[in-house]
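Just below is one structure, and these are the notes that go with it.
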Amino acid sequence: MDPIVPQLEKHTRRRRRRRMFSHARIPVRMMVPNFFTLLGLCAGLTSIRMSIEGRYDFALAAIVFAALLDGLDGRIARLLKASSRFGAELDSLADFVNFGVAPAIMIFTWGLGEHRSLGWIAVMLFALASALRLARSNTLIDDGRPKWQSDFFMGVPTPAAAILVLLPIYLGHLGLDLRASPVLLNFVLAYVTLIGLLMVSIVPTYSGKLLGERIGREWVLPLFILSMMAVACLLTYPYATLTIVSVTYLLALPWTWKRFRELEQLNAVPGAGVAPVTVTQPSPSPGNAPSTDDTSSTSSRVVEIRPGEQKR
20 MDPIVPQLEK HTRRRRRRRM FSHARIPVRM MVPNFFTLLG LCAGLTSIRM SIEGRYDFAL
80 AAIVFAALLD GLDGRIARLL KASSRFGAEL DSLADFVNFG VAPAIMIFTW GLGEHRSLGW
140 IAVMLFALAS ALRLARSNTL IDDGRPKWQS DFFMGVPTPA AAILVLLPIY LGHLGLDLRA
200 SPVLLNFVLA YVTLIGLLMV SIVPTYSGKL LGERIGREWV LPLFILSMMA VACLLTYPYA
260 TLTIVSVTYL LALPWTWKRF RELEQLNAVP GAGVAPVTVT QPSPSPGNAP STDDTSSTSS
320 RVVEIRPGEQ KR
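For the sequence shown, my numbering assigns the number 20 to the initial residue and increments by one for each residue that follows.
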């Protein structure tokens, strides 16, 4: 028998016996982020119902609303210092339903159902990719990562993938119906599969986590104006706005990859940014006078230490 198996069973039993909350009485502030998570889960379930009924406008609005709530619950939890294991697990389950199952059902009932088995395989791959990504995110330990890497995700996050995979529906409302011909529908099939693969890939994508730490005072009012303009455009021209956001996100992936590699190379140089070290040599004693061939008569010199420099 493998000696590691008993250790894993013991560790599993210890985790099961661990309390979800460390106190008998839970502060009310600990429940606030979970309320937003449950509200987003209700939106995702409602989106599934609207997709089955063919009411894609309401289904899409529910998914976008769930994505907005998903961006709020984590920040509210950090703001109120109300993070917990229960909230993290609930958030992962809600994300799987909202951004894995609901978009898959929506795109299948919208057009990929005509492909029957191939369409079902594509949307099933998308949903499974979202589940695998969430499981990978729960098991990764970010404590050992450098701070500059905290501004990047590995792969496309599930909320962004849910918005991206519905791009054919946005184009259909703008006049470009990809269900008009089998060739275009095959393109939708390949596109859904590609978005699912991007979720479980190692392609770096911008997260914006470090953006919310500190902002300059001069940027406060412009950010308010830009936020209000974005909300107004989303409410007034939802399909055009979501199309522009999706296309911009996809076009920015190569730039994000290039930026990640530049930062990786910059931070991988050992001793980068080390200042030159001044080494002071003692003055020679009268008994050990320097030879006449020595042209340097100074008592100190500056030695610049460069990374990777070999002694000659």
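Glycine is no exception: its CB is placed at the ideal position from the N, C-alpha and C atoms.
Nearest-angstrom Cα separation, counted from alanine 150 out to alanine 294: In the sequence shown, the residue the question calls residue 294 occupies position 275. In the sequence shown, the residue the question calls residue 150 occupies position 131. With a pLDDT of 45 at alanine 294, under the threshold of 50, the modelled position of that residue is not reliable, and the figure given next carries that caveat. Using only the alpha carbons, I get a separation of about 48 Å.
Reduced DSSP secondary structure (H/G/I, E/B, other) of tyrosine 225: Working through the sequence shown from its first residue, we reach residue 225 at position 206. Looking at tyrosine 225 - three-state DSSP - the assignment turns out to be strand.
Neighbourhood of alanine 86 by C-beta distance below 6 Å, restricted to the same chain and skipping five residues each side: If you number the sequence shown from 1, residue 86 lands on position 67. So the list reads Pro178, once near-sequence residues are dropped.
First through last residue of the beta strand (DSSP E) which encompasses alanine 171: Position 152 of the sequence shown holds residue 171. Checking the sequence, you will find phenylalanine at residue 171 rather than alanine. Phenylalanine 171 -> beta strand (DSSP E) spans 171-173.
Of the listed residues Phe115, Leu204, Trp129, nearest to phenylalanine 145 (C-alpha basis): Sequence index remark: in the sequence shown, residue 145 carries index 126 (1-based). Between phenylalanine 145 and the set Phe115, Leu204, Trp129, the nearest pair of CA atoms involves Phe115.
Per-residue burial, tryptophan 129 [other beta carbons within 10 Å of its own, 16 or more giving buried]: Taking the sequence shown and counting its residues from 1, one reaches residue 129 at position 110. Its Cβ being crowded by 16 or more others within 10 Å, tryptophan 129 is buried.
Endpoints, the alpha helix (DSSP H) within which isoleucine 124 is located: One-based indexing of the sequence shown puts residue 124 at position 105. If you look at isoleucine 124, you'll find it in the alpha helix (DSSP H) that goes 121-129.
Stretch-stretch touch, CB-based, cutoff 8 Å, three pairs: the stretch 123-143 with the stretch 68-84: With a cut-off of 8 Å, the stretch 68-84 and the stretch 123-143 count as touching, because enough Cβ pairs lie within range.
With 16 other Cβ atoms within 10 Å as the buried cut-off, status of leucine 242: By one-based count along the sequence shown, residue 242 stands at place 223. Exposed, because fewer than 16 other Cβ atoms sit within 10 Å of the Cβ of leucine 242.
Pairwise C-alpha distance: serine 136 and glycine 174: Here residue 174 corresponds to residue number 155 of the sequence shown, with the count starting at 1. Here residue 136 corresponds to residue number 117 of the sequence shown, with the count starting at 1. One C-alpha to the other measures close to 27 Å.
Beta-carbon proximity list for leucine 186, same chain, < 6 Å, skipping 5 on both sides: Locating residue 186 in the sequence shown gives position 167, where the first residue counts as 1. The beta carbon of leucine 186 sits closer than 6 Å to those of Ser265, all from its chain and outside the five residues before and after it, given in chain order.
Own chain partners of leucine 98 with C-beta closer than 6 Å, once the 5 adjacent residues on each side are dropped: As a first step, residue 98 must be located in the sequence shown, where it is residue number 79. Contacts found: none.
Aspartate 114: first and last residue of the uninterrupted alpha helix (DSSP H) it sits in: Here residue 114 corresponds to residue number 95 of the sequence shown, with the count starting at 1. That run of the alpha helix (DSSP H) goes 104-115.
Where tyrosine 256 falls: helix, strand or coil (DSSP): Translated into the one-based positions of the sequence shown, residue 256 becomes position 237. Reduced to three states, the DSSP call for tyrosine 256 is coil.
Pairwise C-alpha distance: leucine 91 and proline 75: Residue numbering aside, residue 75 sits at position 56 when the sequence shown is read from its first letter. Residue numbering aside, residue 91 sits at position 72 when the sequence shown is read from its first letter. Contrary to the premise, residue 75 reads as tyrosine rather than proline in this sequence. Within the model, the alpha-carbon separation for tyrosine 75 versus leucine 91 is close to 24 Å.
Backbone secondary structure at alanine 199 - three-state DSSP: The sequence position of residue 199 within the sequence shown is 180, counting from 1. If DSSP states are grouped into helix, strand and coil, alanine 199 belongs with coil.
Rounded Cβ spacing between asparagine 117 and isoleucine 82 (contact assumed at less than 8 Å): Here residue 117 refers to the residue found at position 98 when the sequence shown is read from its first residue. Here residue 82 refers to the residue found at position 63 when the sequence shown is read from its first residue. Approximately 7 Å separates the beta-carbon atoms of asparagine 117 and isoleucine 82; this is inside 8 Å, confirming the contact.
Cα-Cα separation between serine 111 and alanine 181, rounded to whole angstroms: As a working note, residue 111 is residue 92 in the sequence shown. As a working note, residue 181 is residue 162 in the sequence shown. Pairing serine 111 with alanine 181, the inter-Cα distance amounts to about 14 Å.
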